[in-house]
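According to this note's numbering, the residues represented by the sequence shown are 16 to 302, in order.
Even glycine gets a Cβ: it sits at the ideal position worked out from N, Cα and C.
No experiment lies behind these values; they were computed from the predicted model shown.
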Amino acid sequence: MAAAVHIPDDWQAAIERIGAERFARIAVIGATDTGKSSFVTALMLGDPGLELIDADPGQKLVGPPGTVSLGRLAGGRFDLGGFVFIGSTSSANIFLLTRACEALARASQRFVANSSGFVEKLGARLQAATIAALDADCIVALGDETALAPILDRHRERTIIALRPSPSATRKTSAARARLRQASFAAAIDGAGPLDLSDIAFEPAPPARIGLGGKHPVCSLADADGTDMAIGVLDAGHDGAVRVIARAPDRPAHVVRLGSMWAERREEGWRLIDTLHPSWVHDEPEG
Numbered sequence: 016m017a018a019a020v021h022i023p024d025d026w027q028a029a030i031e032r033i034g035a036e037r038f039a040r041i042a043v044i045g046a047t048d049t050g051k052s053s054f055v056t057a058l059m060l061g062d063p064g065l066e067l068i069d070a071d072p073g074q075k076l077v078g079p080p081g082t083v084s085l086g087r088l089a090g091g092r093f094d095l096g097g098f099v100f101i102g103s104t105s106s107a108n109i110f111l112l113t114r115a116c117e118a119l120a121r122a123s124q125r126f127v128a129n130s131s132g133f134v135e136k137l138g139a140r141l142q143a144a145t146i147a148a149l150d151a152d153c154i155v156a157l158g159d160e161t162a163l164a165p166i167l168d169r170h171r172e173r174t175i176i177a178l179r180p181s182p183s184a185t186r187k188t189s190a191a192r193a194r195l196r197q198a199s200f201a202a203a204i205d206g207a208g209p210l211d212l213s214d215i216a217f218e219p220a221p222p223a224r225i226g227l228g229g230k231h232p233v234c235s236l237a238d239a240d241g242t243d244m245a246i247g248v249l250d251a252g253h254d255g256a257v258r259v260i261a262r263a264p265d266r267p268a269h270v271v272r273l274g275s276m277w278a279e280r281r282e283e284g285w286r287l288i289d290t291l292h293p294s295w296v297h298d299e300p301e302g
C-alpha cells in the first residue's frame, strides 16, 4: 500500500502546475532520501492518469529488483504493468538503464519517472542520459540545485521545477534498503515452481555448474517478442539439467535472460544475494 504522503506547500504548487500545464513526461531527480518517492506518490494520487516508470533497479516502488518497471497507482497501491530486466540492482550500467527507460516511455502516454539517488560523477551522466531517453518535458529537481547542476545544465531547454527536499524525509540505513530489496524479490517469486521449458534459449549461456557455492543465477523469462514476463532462479534438476524456478507466465517463454544477480536457497524460500555493499553507499547511493 502507498503510505500517506506529507505534501509541503511548494510541492503542492508544483503538483498543481504540472496538472495545469499537462506535462506528459515528468522526470524526478534528487540525491538519496530527498523525498523522490513521496513526491511521485503525491503527484500520482492527484493525477490518476499518470503511469510510473520506476528507473531505480535497487530500491523499487513497483516491480522486482534488477528491473526498470512500469506501474500504476490504483486503490492505494502500485500495480505492476510490465518491466525490462536489467540483471543488476546497481545503477551503474547507463546503457541498459537508458535503453529500458526509452522502451517503457514509448509504451506510456503519460508518466512520471522515479530515478535512483545516484547523482554524482557517473551518476550525473546516468541521470542526464535518462532524462534524454525519457524525452522528459518536465524535470522535478529535489534538493540542492547547485549540486544537481551537472545534470540540469544539459537540459536547460526543458521545464525545470526546483523543490526543497521533503521535511519528513529520513535517511534509510543500508540494512533497511536491503530488507526492502528482499521483500520486492520475495514478492516477485512468491508461488514460484519448476517450469517445464523446452527449446528455450539462454542469453547468455548459464554457468556450467548451477548452485556452486550456494549461488543460483537470477533470470527473467521473455516471450517471442523479447518482452520480459517473470523473474526466476536457475536450479539444477536431479539429472543435472538446468531448470527455471519461476511463476508460470501467461504466454510461452522463448528466452531465459541472465544478468549479474544471484540468489540462495533458504528454508523460508529464495533469498537475493545482495551485491550493494554498504561501502558502496558514498559512491553509488540509491533511493
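Under the 10 Å beta carbon count, K51 is surrounded by 16 or more other beta carbons and is classified as buried. For T82, the enclosing beta strand (DSSP E) covers residues T82 to A89. Between F38 and D150, the gap from beta carbon to beta carbon reaches 8 Å or more.
For the 8 Å CB-CB criterion, R196 and L137 do not form a contact. Secondary structure at D159: coil, using DSSP grouped into helix, strand and coil. Straight-line measurement puts the Cα of G73 at about 6 Å from the Cα of G81.
A residue is called buried once 16 or more other Cβ atoms fall within 10 Å of its Cβ, and T113 is buried on that count. Beta-carbon to beta-carbon, I154 and L167 are separated by about 7 Å, close enough to satisfy the 8 Å threshold.
Annotated as distal: A191 and D238, with beta-carbon spacing of 8 Å or more. DSSP places T49 outside both helix and strand once states are collapsed to three, so it counts as coil. Here P209 really is in contact with I260; their C-beta atoms are around 6 Å apart, less than 8 Å. In the DSSP assignment, W277 is bridged to P232. Non-local C-beta neighbours of F100 in its own chain, meaning closer than 6 Å and more than five positions away in sequence, comprise T82, S235, D243 and R272, ordered along the chain. Under the three-state reduction of DSSP output, F217 falls in the strand class. A direct Cα-Cα distance of roughly 21 Å separates G64 from I44.
According to the DSSP assignment, A144 belongs to the alpha helix (DSSP H) that extends over L137 to L149.
Contact between the region 158-166 and the region 245-255 is absent: fewer than 3 CB-CB pairs across the two stretches fall below 8 Å.
For G34, the enclosing alpha helix (DSSP H) starts and ends at D24 to E36. The Cβ-Cβ distance between T49 and S181 falls below 8 Å.
By the neighbour-count definition (other C-beta atoms within 10 Å, threshold 16), L67 is a buried residue.
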